[in-house]
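Working notes, structure below.
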Amino acid sequence: MKLTNDIQLISSENIDTQKWNSCIHYAVNGNIGGYSWYLNNISEEWVGLVYKDYEEVFPLIIHEKGWIFKKNVISASPFGLHQGPFTTGFLSSQRLSKFIENLSSVQQPIESIYIGAGYDSKVLNGSFSRIEKKEQRSLMIMRSYEEIQGGYSSELKTILSNTETPLTPVSSLKPEKFAQFIVDNNSYFGLDVKKSYFTILRIIYNILHRGWGFFSGYEDNEGNLVCASFFVSLTTKSVVLFSAQSKKGKVLHASALLLDSFVQTNAGRPMMLDLNIDFNPHFKEHMNMWGAEASQGYLVRK
């Protein structure tokens, strides 16, 4: 559907996936959550607002809501990462306002939308009933480990220096075991655990098929998994896509050890690590410990 200001509304089945994915790949704010195949895995139906010839794209996730009287709504997905608008140019708050103007052409009621970092929040005022700040945290890895460690809090340095309980690193995990560990140890999923399990599994297999991701974790001295993460690397951007730790892992500060191990291994590489704190609550609890840079996104509601 042709809208105004060189913007089109296109259903997922009519998206030019090559052009869409090319925009995500080269976008200044691109991430794995914007690729068409990723969107297909987190939603049976989605639509995209497309500027000109896929110079900028804005995915909108459609979810079914209700038990008896069901209806489709546009709402932010817990698996959606930092959803758009994604642009191969510069982040234009003026263009964001044009996207917002065209939301009225979307058939489904709009419940919530995630707006990525880098935009002026003033363009959101008046268009939404509620604007919630959603902080993002990224750790710049392209420095020596000593320099990165210098940004750690004193609390984190103490945790890393007092690791008396032996933990065994593991890198070979079956996706099914990993997905089950994530849903068993992450309260974020609420009641929809079964659906979340299969969503995680689909995403992981798609990423492994492309050679973009790997597992990392720790087991205790009894062979029990206490912490596990799935990292995704795209050129100079990496993200902790899924991560969790057990109750014992929390006592042992296993996730801190795991993330620090990643930093030590990759220090000096031209890389930025997205901690994905909205999806990884145990990182969000201690997000100020890592010296990670903060940026501001928004969850908006009509």
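Here this note's numbering is used: the first residue of the sequence shown is 326, the next is one more, and so on.
Where is the CB? At the ideal position from N, CA and C, for every residue including glycine.
It should be emphasised that the depicted structure is a prediction, and the values quoted were computed from it without experimental measurement.
Which residue comes first and which comes last in the beta strand (DSSP E) that contains F567?
Element bounds for F567: 562-570.
Tell me the residue span of the alpha helix (DSSP H) that contains Q343.
From DSSP, the alpha helix (DSSP H) with Q343 extends over 342-351.
Does DSSP classify L516 as helix, strand or coil?
Note that L516 has pLDDT 47, beneath the 50 cutoff, so the model's placement of it is unreliable and no number is given.
Considering D445, what are the terminal residues of the beta strand (DSSP E) in which it resides?
Here D445 belongs to no beta strand (DSSP E), and DSSP marks it neither H nor E.
Specify the secondary structure class of V495 as computed by DSSP and reduced to three states.
If DSSP states are grouped into helix, strand and coil, V495 belongs with the strands.
Per DSSP, which residues does Q461 bridge with? Please list them.
The partner list for Q461 (beta bridge, DSSP) reads S620.
Given a threshold of 16 other Cβ atoms within 10 Å of its Cβ, counted over all protein chains shown, does S419 qualify as buried or as exposed?
Per the sequence presented here, residue 419 reads as Gln, with Ser not at that position. Exposed is the call here.
Please confirm whether T413 and E369 have their CB atoms less than 7 Å apart.
No.
Using 6 Å as the cut-off, classify the Cβ of K482 as near or not near the heavy atoms of the ligand ADP, replying yes or no.
Absence of the ligand ADP from the depicted structure is noted, as is the absence of any ligand whatsoever, leaving it without description.
Taking buried to mean at least 16 other C-beta atoms within 10 Å of its own C-beta, is G593 buried or exposed?
When all chains shown are included, G593 counts as exposed.
With a Cβ-Cβ cutoff of 7 Å, do S496 and F540 count as a contact?
Yes, they are a contact pair.
Could you have a look at S554 and say whether DSSP puts it in helix, strand or coil?
Strand, per DSSP.
Is it true that the CB of Y444 sits closer than 7 Å to the CB of L624?
Against a cut-off of 7 Å, the Cβ pair of Y444 and L624 comes out as no contact.
Give the range of the beta strand (DSSP E) segment to which E501 is assigned.
Note, E501: premise wrong, no beta strand (DSSP E); alpha helix (DSSP H) at 500-509.
Determine the burial state of R455: buried for a count of at least 16 other Cβ atoms within 10 Å of its Cβ, exposed for fewer.
It counts as exposed.
State yes or no: is the C-beta of R626 within less than 7 Å of the C-beta of S402?
No. Outside cutoff.
Look at the Cβ atom of L464, then the Cβ atom of W615, and state whether they are nearer than 7 Å.
Contact: yes.
Could you pull the start and end residues of the alpha helix (DSSP H) that D585 belongs to?
Start and end: 579-591.
Can you tell me whether H534 is buried or exposed? The criterion is at least 16 other CB atoms within 10 Å of its CB, across all chains shown.
It counts as exposed.
Can you tell which of E426, G536, Y470, K377 has its C-alpha closest to the C-alpha of M596?
Answer by Cα proximity: Y470.
Tell me the DSSP secondary structure of S361 in three-state form.
Of the three classes helix, strand and coil, the one that applies to S361 here is helix, per DSSP.
What's the gap between the Cα of G542 and the Cα of I399?
If I take the Cα positions, the gap works out to 35 Å.
When the Cα of K377 is compared with those of L600, L385, I335, L485, which residue comes out closest?
Residue I335 is the option with its Cα nearest to K377.
Under 8 Å by Cβ, that's how I've got P384 and G409 pegged, so tell me the actual separation to the nearest angstrom.
Rounded, the Cβ-Cβ distance is 6 Å, consistent with contact.
Suppose contacts are defined by Cβ-Cβ distances below 7 Å. Is F411 in contact with A352 by that definition?
Yes, Cβ-Cβ distance for F411 and A352 is below 7 Å.
Taking DSSP as the reference, what is the three-state secondary structure of L559?
Strand at L559.
Assuming K510 and Q570 are in contact, meaning their beta carbons sit under 8 Å apart, how far apart are those beta carbons, in whole angstroms?
Reading off the sequence, residue 510 comes out as Asn, not Lys. About 6 Å separates the two Cβ atoms, so the contact holds.
With DSSP run on the structure shown, which of helix, strand or coil describes R535?
Reduced to three states, the DSSP call for R535 is helix.
Check L406 in the structure and name its three-state DSSP category.
Residue state, collapsed to three classes: coil.
Which one of A581, V576, N546 has the shortest CA to CA distance from S554?
Of the listed residues, the one whose Cα sits closest to S554 is A581.
Tell me whether F415 is buried or exposed, calling it buried when 16 or more other Cβ atoms sit within 10 Å of its Cβ.
It is exposed - the Cβ of F415 has fewer than 16 other Cβ atoms within 10 Å.
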